[in-house]
Structures are given as structure tokens and as C-alpha cells.
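The numbering used here runs 2 ahead of the 1-based position in the sequence shown.
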Amino acid sequence: MYVKTDAIVLNHKKYRDNATMLTLYTRELGRSTFLLYGAGSKRGGKGFSLLQPLSLVQIDSDVRNSRELHVIKEIKPLHPLYDSLFDPYKSTILFFLAEVLSHALKTSEQDEYLFRFLYESVIRLENMERGVPNFHIAFLVRLASFLGFGPNICDWSDSPYFDFRQAEYTAVRPDHTQYVAHQEARFLQQLCRINYRNLSYFTFSRDERRALIDHIIEYYAIHLQGFGDLKTLPVLYEIFD
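Printed below as a string of C-alpha cells:
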């Protein structure tokens, strides 16, 4: 059957001389993999600019349950990311978050609320003028809630430990090593207040921002089986150094 759906580009790679394999998170099909022929040509709007990480597109595709790779008949932009793709800070965040999503979104189940969150987040980054260095921190905290393992960082009551496995503060030191204690545990509570509207009010130092991201990635790796290493993480650190 033919399906027309909005989609977010997670990644792409060359499949054959005239074909590109696209991994998309779609409104109608969840995470799915597609083949796009003639991606290097301008005909039909199939330029590579549409395939950049977290690009927002609409596709017409021939979807068949018997195929692992569905064929895209047409692809067009929904909301061009002019600023994000040419701004070194925003583009680095897009590459980083696209890799996180490629690791985190494993199922093909439809999730309208998750799709809307991702779509609106990309547009918000595109239009953002202040607070860009903190965008991915707020994004990852909110994404964890959509994926079902949001941390209970707002329930702090002088507890000296935050247990990554249990996703909560505790007065008793955990019997494993996946936790933070004392100052670091209290510092994590700032994540309770951060959101897209107040990003510019958080003035983390380089080391503080790195520590937060390291802890968040460790948290994701604990709660998502096979999450794996992120190749874009060193680039993210370098661009915000």
C-alpha cells in the first residue's frame, strides 16, 4: 500500500550506486527503513540537503509487510532547517541527537506524542537564539520520559545519593557503582527545572555541562539495552569547549 507520512531523518547511507538507505522516524509507521533512488539528483526534490540528520520531511512510500526496505516514491521538505544546518553549534547538536535517537528508537510502533515532541523540538532549535548550548540537555531529559524511564530528579529531600538504576534519590548508598553522591547528586537536581523556555538562564561551565551529559548518557545506557557508544559525543564536547 502507499503511505504518505511526515518523517524525521535519523540517518542515511549509500546502498547502491543509485540508491540511499534512509532510517526515518515517521508519524504513521514509527521507526522504519526506506530506499530512496536518485538521491543525488535535483529531480523531485531529492537533494542531499533533505537527508541531513533530523531533517523534517514528508514521504510517499510503497509500504509492504513482506519487505524490510520500503521504497520512497517522493520526498519533500516540511520545514527547511536553514539556520540549524549552517550554524556549527546547532548542526553539531542535530548530529548528536540524531545518533542518540538512532540508538534509542528501536521499535516500529506508532507514537504520535513522541513524534510531535521530536518534530516540535527540531523546529524550536531552528528558531532558538539563546540557550543553544543547553538545548540537548533539556531534550534528553524530556526524551527519557517519553521512552518510559524519566528520572525522579524532583524528589530530592537531602538524600545524598542518586541511584541511576532506580532513577531516584536515596538516603542509602547503592550496592553498585552506578550512582552519584553528595555534591554531584545535588547538582543533578537542576535537571528538574530545565526546559526549552528557560535554557538561557542556566550558565553551566564547560566541566559542569560535560558532567551532566556524561551522567545522562550513562543513564540512557543503563536503561536502554544495547545503547552503545556515541561517535558524535567527542565532537559535541569539542564544539562547546
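Every residue gets a Cβ at the ideal spot worked out from N, C-alpha and C, and that includes glycine. Values in this document were obtained by computation on a predicted structure and should not be read as measured data.
Assign residue i to one of two classes, buried (16 or more other C-beta atoms within 10 Å of its C-beta) or exposed (fewer than that).
| i | result |
| --- | --- |
| H138 | buried |
| D231 | exposed |
| Y4 | exposed |
| S63 | buried |
| A106 | buried |
| V174 | exposed |
| Y115 | exposed |
| L101 | The sequence shown places Glu at residue 101, not Leu. That one is buried. |
| Y203 | exposed |
Are residue i and residue j touching if we call contact CB-CB under 8 Å?
| i | j | result |
| --- | --- | --- |
| Y198 | A183 | no |
| L56 | H14 | no |
| F148 | Y221 | no |
| I77 | V59 | yes |
| P135 | Y91 | yes |
| I241 | Q191 | no |
| I219 | L235 | yes |
| L71 | T35 | yes |
For residue i, which residues in the same chain have their Cβ closer than 8 Å to its Cβ, ignoring the five residues on either side in sequence?
| i | result |
| --- | --- |
| T109 | G32 and R33 |
| V124 | I10, L56, L58, H81, L83, S86 and L96 |
| K16 | T22 and M23 |
Using three-state DSSP, classify residue i as helix, strand or coil.
| i | result |
| --- | --- |
| T205 | coil |
| E30 | coil |
| Q168 | coil |
| N136 | helix |
| Y181 | strand |
| Q191 | helix |
| K92 | helix |
| V124 | helix |
| H72 | strand |
| S110 | coil |
Considering only residues of the same chain and omitting the five flanking positions on each side of residue i, which have a CB-CB separation below 6 Å?
| i | result |
| --- | --- |
| R69 | none |
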